[in-house]
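Visitor:
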Ligand SMILES: Cc1ncc(COP(=O)(O)O)c(C=O)c1O
């Protein structure tokens with residue numbers, strides 16, 4: 201019996217997880233570690249254009265890895281036949297590549313889908329697929345994993361402790377004030393053992409109104425598309441799909457755009473700078489994307505007003 205009475209803990213609406221039947225862990229890289237352990241893969245093919253955190257479990261388990269390139273529509277340039285103990289990892293870039301995932305899943309049985317940027321993309325049957333909640337919502341941790349190969353093992357829950365300060369702080373203060381706390385909370389995940397999802401994230405993720413979030417993200421994305429597509433070197437039309445993007449990817453040669461937007465308090469992250477080290481020639485599409493692709497926020501915190509503000513400052 202839980203203790204009864206006394207002071208209250210934080211309270212949340214009691215709903216359901218969006219990924220109700222998935223295994224719940226702490227981070228995407230832990231999901232990858234889980235898959236590698238469960239499947240016993242000896243080799244893995246990873247895109248150059250991805251997050252360096254994914255190499256943590258690969259290196260930890262001493263698995264051989266090869267990088268492969270992508271083309272200008274973010275499709276894999278990969279035609280190898282996989283050995284039985286070899287996997288292919290593909291990233292659902294910005295939540296806009298579900299079609300590619302469906303065709304890869306028909307071609308490769310050892311496909312691993314990284315949906316860290318595609319929280320709302322449905323998992324493909326019999327395909328190992330993982331998601332990371334931090335990229336979409338205000339939670340300290342949280343990852344979901346679908347696999348037909350579960351481990352018979354329990355993991356201790358992650359306890360965010362001091363690593364939830366930025367989430368509470370940004371509610372009432374400026375993002376700059378809590379940026380260091382945010383960074384520390386991210387560093388804490390480096391080489392962390394596999395944990396199950398924190399109790400705090402469980403509560404938050406069961407309380408969200410996912411249908412509203414989906415609608416808001418799609419509306420914001422379409423608004424930016426209408427105004428910016430003619431200046432964008434990469435375009436994805438979501439109107440005839442169910443895709444729910446993480447951001448609006450804006451590929452532009454405009455000089456000093458990031459600095460200009462920061463000066464207007466529009467914060468645009470720089471993804472995956474390790475890519476510049478990994479690609480030795482420095483001439484691939486990946487270098488271009490790492491330097492000139494601006495992931496513009498379209499998330500549920502924002503509406504037309506904020507989208508128009510961003511558009512005005514890009515067109516300025
Ligand atoms: C595409 C992609 N996959 C995986 C990860 C790792 O996610 P996590 O920090 O939850 O391990 C990231 C991190 O930013 C990412 O961008």
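Numbering (my numbering), first residue to last: 201 to 516.
Where is the CB? At the ideal position from N, CA and C, for every residue including glycine.
Just so you know, these numbers come straight off a predicted model, no measurement behind them.
1. So, for residue 245: in the same chain, excluding its five sequence neighbours on each side, which residues have a beta-carbon less than 6 Å away from its beta-carbon?
2. Just to confirm before moving on: does the CB-CB distance between residue 312 and residue 235 stay below 7 Å?
3. Please classify residue 201 as buried or exposed, where buried requires at least 16 other C-beta atoms within 10 Å of its C-beta.
4. Please confirm whether residue 366 and residue 382 have their CB atoms less than 7 Å apart.
5. Let me know the secondary structure DSSP gives residue 394 once reduced to three states.
6. Which term fits residue 445, buried or exposed, when burial requires 16 or more other beta carbons within 10 angstroms of its beta carbon?
7. What is the DSSP secondary structure of residue 451, reduced to helix, strand or coil?
8. For residue 224, count the other beta carbons within 10 Å of its own beta carbon; 16 or more makes it buried, fewer makes it exposed. Which is it?
9. Name the DSSP beta bridge partners of residue 281, please?
10. Would you say residue 336 and residue 319 are within 7 Å of each other, going by their C-beta atoms?
11. Run the proximity test for residue 396: is its beta-carbon closer than 6 Å to any non-hydrogen atom belonging to ligand 1?
12. Which complete alpha helix (DSSP H) runs does the region 402-464 hold, if anything under 4 residues is left out?
13. How many whole angstroms separate the CB atoms of residue 517 and residue 443, which I take to be in contact at a CB cut-off of 8 Å?
14. Should residue 298 be counted as a contact of ligand 1 given a C-beta to heavy atom distance under 6 Å?
15. How about residue 222 and residue 344: do their beta carbons lie closer than 7 Å?
16. Look up residue 273 in the DSSP assignment and say whether it is helix, strand or coil.
17. For the candidate residues 353, 214, 231, 454, whose alpha-carbon lies nearest to that of residue 428?
18. Is it the case that the Cβ atoms of residue 248 and residue 479 are separated by a distance below 7 Å?
19. Is residue 235 helix, strand or coil when you go by DSSP?
20. Between which two residues does the alpha helix (DSSP H) carrying residue 368 extend?
21. I'd like to know if the region 416-424 and the region 499-506 are in contact, where contact means that at least 3 CB-CB pairs between them fall below 8 Å.
22. For the region 423-441 and the region 398-414, state whether three or more C-beta atom pairs, one from each stretch, are separated by less than 8 Å.
23. In this structure, how does DSSP classify residue 313 when only helix, strand and coil are distinguished?
24. Considering only C-alpha positions, which residue in the set 278, 330, 292 is nearest to residue 308?
25. In the DSSP assignment, find the beta strand (DSSP E) that holds residue 286 and state where it starts and stops.
26. Is the beta carbon of residue 349 within less than 6 Å of some heavy atom of ligand 1?
27. At a threshold of 6 Å, does residue 493 count as lining ligand 1 (C-beta to nearest heavy atom)?
28. Taking only the alpha-carbon atoms, compute the straight-line gap between residue 350 and residue 491 and give it to the nearest angstrom.
29. Roughly how far, in whole angstroms, is the beta-carbon of residue 342 from the beta-carbon of residue 226, given that I think they are within contact range, below 8 Å?
30. Closest by CA to residue 405, which one among 205, 211, 370?
Guide: Taking the structure as given:
1. These residues qualify, in order along the chain: 266, 268, 288.
2. Closer than 7 Å, so yes.
3. Only exposed fits residue 201, as fewer than 16 other CB atoms lie within 10 angstroms of its CB.
4. Against a cut-off of 7 Å, the Cβ pair of residue 382 and residue 366 comes out as a contact.
5. When DSSP states are grouped into helix, strand and coil, residue 394 belongs to the coil group.
6. Buried, by the Cβ-count rule.
7. Looking at residue 451 - three-state DSSP - the assignment turns out to be strand.
8. By the C-beta density criterion, residue 224 is buried, having at least 16 other C-beta atoms within 10 angstroms.
9. DSSP lists no beta-bridge partner residue for residue 281.
10. Against a cut-off of 7 Å, the Cβ pair of residue 319 and residue 336 comes out as a contact.
11. The answer is no for residue 396.
12. Taken in chain order, the unbroken stretches of alpha helix (DSSP H) that lie wholly in the region 402-464 and span 4 residues or more are 410-428, 457-463.
13. The question about residue 517 has no answer here: the residues shown for the chain are numbered 201 through 516.
14. No, the beta carbon of residue 298 sits no closer than 6 Å to any heavy atom of ligand 1.
15. Their beta carbons are under 7 Å apart, which means residue 222 touches residue 344 by this criterion.
16. Residue state, collapsed to three classes: coil.
17. Residue 428 has its Cα closest to that of 454, out of 353, 214, 231, 454.
18. Yes, the pair counts as a contact, with Cβ atoms nearer than the cut-off.
19. Under the three-state reduction of DSSP, residue 235 is assigned to helix.
20. Boundaries of the alpha helix (DSSP H) harbouring residue 368: 365-372, taken from the DSSP string.
21. A contact exists between the region 416-424 and the region 499-506.
22. Counting Cβ pairs under 8 Å, fewer than three are found: no touch.
23. The three-state secondary structure of residue 313, taken from DSSP, is strand.
24. For residue 308, the closest C-alpha among the options 278, 330, 292 is that of 278.
25. Per DSSP, the unbroken beta strand (DSSP E) holding residue 286 starts and ends at 286-291.
26. Result no, Cβ not under 6 Å from ligand 1.
27. Result no, Cβ not under 6 Å from ligand 1.
28. CA-CA distance, residue 350 to residue 491, rounds to 39 Å.
29. Contact between residue 342 and residue 226 holds: their C-beta atoms lie close to 7 Å from each other, under 8 Å.
30. Residue nearest to residue 405 within the set 205, 211, 370 is 211 (criterion: CA-CA distance).
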